[in-house]
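A short worksheet on the structure shown next.
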Amino acid sequence: MSLIEINNLTHVYGKDTPFEKVAIKDVNLKIEENEFIGLIGHTGSGKSTLIQHLNGLLKPTTGSIVADGIKIDKDSSNLTDLRKKIGLVFQYPEYQLFEETVERDISFGPKNLGLGEKEVLERVKNAMESVGLPYDEFKDKSPFELSGGLKRRVAIAGVLAMNPKVLILDEPTAGLDPRGRDEILSEVSNIHKKENITIILVSHSMEDMARIAKRLIVMDKGEVFMDSSPREVFKKEDELKSVGLGIPQITSFMRVLKKRGFDVDDDCITVDEAKESLKEYLRSRKDV
Ligand code: ADP
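Taking our numbering, the leading residue of the sequence shown gets 1, the next gets one more, and so forth.
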């Protein structure tokens, strides 16, 4: 049994009203422990509807989800256990910070689980360390006086402190400057390595996906359009274009070079890979 199994999941907003909208239809997916999944798709393709089912914010109209042994369908009522296992970091999560200190904000969730003081403290320290916020330096700061990127890390730590098995992040780099984006991505990557956790990352950035995700799920009009490694997905440039998506800029660049007769690897999906391929090409030219 996989960690999460999504079976024939369909969600209809405003069912039997004039505003009825089928947001996702007949989605079938299996997600394993410790995977790093990127979820992409044009606006309105159903990404947020899908992820909100995974932590019980929405219930299926038809179909079901089984997450770590907990089954959710249209008749499920108690979703608390599911929310403990699957942590969801919303877009712009810093808007949900509300406590006076960083420590209090991050400990809010674990305290609500009824954990003892010692356990709460341990979880807070651990979560802060995972997102690169030294406990002693940040615990008494007000979250509101931190920069955008740091605020966001506090918000992520608050979800991590619940010790979820799966961490879902909806556009975690949105609105940050390039440095802030890089920092958040490398923290997410560290969390994945350190915590042995499954990560599902929703992003519009093909560059981010190429760098960090091991599996890409592409949504279109509420359905799973592709589900493969980033390299395989980015090979299908025309199909991606047909659903309003592109490929990483570096991949486009290498494909242009190849078309112009340079014998480079046009399947590169990151700048580092492209550098290697160009070096290789230059070496081979020297030998001629
Ligand atoms: P994405 O996250 O990929 O942008 P969504 O899951 O938000 O996609 O939306 C999927 C479809 O469902 C869209 O057509 C959207 O307009 C519709 N939708 C989303 N939320 C609601 C809602 N609360 N009520 C009605 N329709 C909605």
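Glycine included, each C-beta is placed from N, C-alpha and C at the ideal position.
Please read all numbers here as calculations on a predicted model, not as lab measurements.
Counterpart residues of residue i in DSSP-defined beta bridges
i    : result
A355 : The chain is shown only over 1 to 288; residue 355 falls outside these bounds and no answer can be derived.
S228 : L216
E5   : K30, V66
V166 : I86, T198
L39  : V202, I217
T10  : T62
K71  : V66
I24  : H11
E223 : D220
Any non-hydrogen atom of ligand 1 within 8 Å of residue i CB
i    : result
F19  : yes
A23  : yes
T43  : yes
K165 : no
L88  : no
Y92  : no
S48  : yes
Y13  : yes
M206 : no
G222 : yes
M128 : no
M219 : yes
9 Å Cβ cutoff met for residue i and residue j
i    : j    : result
M54  : I24  : For the sequence presented, residue 54 should be read as Leu rather than Met. No, they are not a contact pair.
E183 : G149 : yes
L41  : F225 : Position check: residue 41 holds Gly in this sequence, whereas Leu was assumed. In contact: G41 and F225 (Cβ atoms closer than 9 Å).
V27  : I4   : no
V202 : K47  : yes
I72  : I200 : no
V120 : L160 : no
P248 : G158 : no
K141 : T101 : yes
G56  : L29  : no
I37  : R285 : no
G63  : L9   : yes
T173 : L185 : yes
A274 : I250 : yes
I156 : A210 : no
I65  : I168 : no
G69  : M1   : yes
R123 : S107 : yes
K15  : T49  : no
R153 : L133 : yes
N196 : N34  : yes
G246 : M206 : yes
K139 : M128 : yes
Test: residue i CB closer than 9 Å to a CB of chain D
i    : result
S284 : Considering every chain present, this structure includes no chain D. It has just one protein chain.
Closer than 8 Å: residue i CB and nearest ligand 2 heavy atom
i    : result
Y281 : No copy of ligand 2 appears in this structure; the ligands present are ligand 1.
Should the segment 277 to 284 be regarded as contacting the segment 258 to 267, the criterion being three or more beta carbon pairs within less than 8 Å? yes
Does the contact criterion of 3 or more C-beta pairs under 8 Å hold for the segment 237 to 246 versus the segment 204 to 221? Taking one beta carbon from each stretch, the segment 237 to 246 and the segment 204 to 221 have 3 or more pairs nearer than 8 Å; the two touch.
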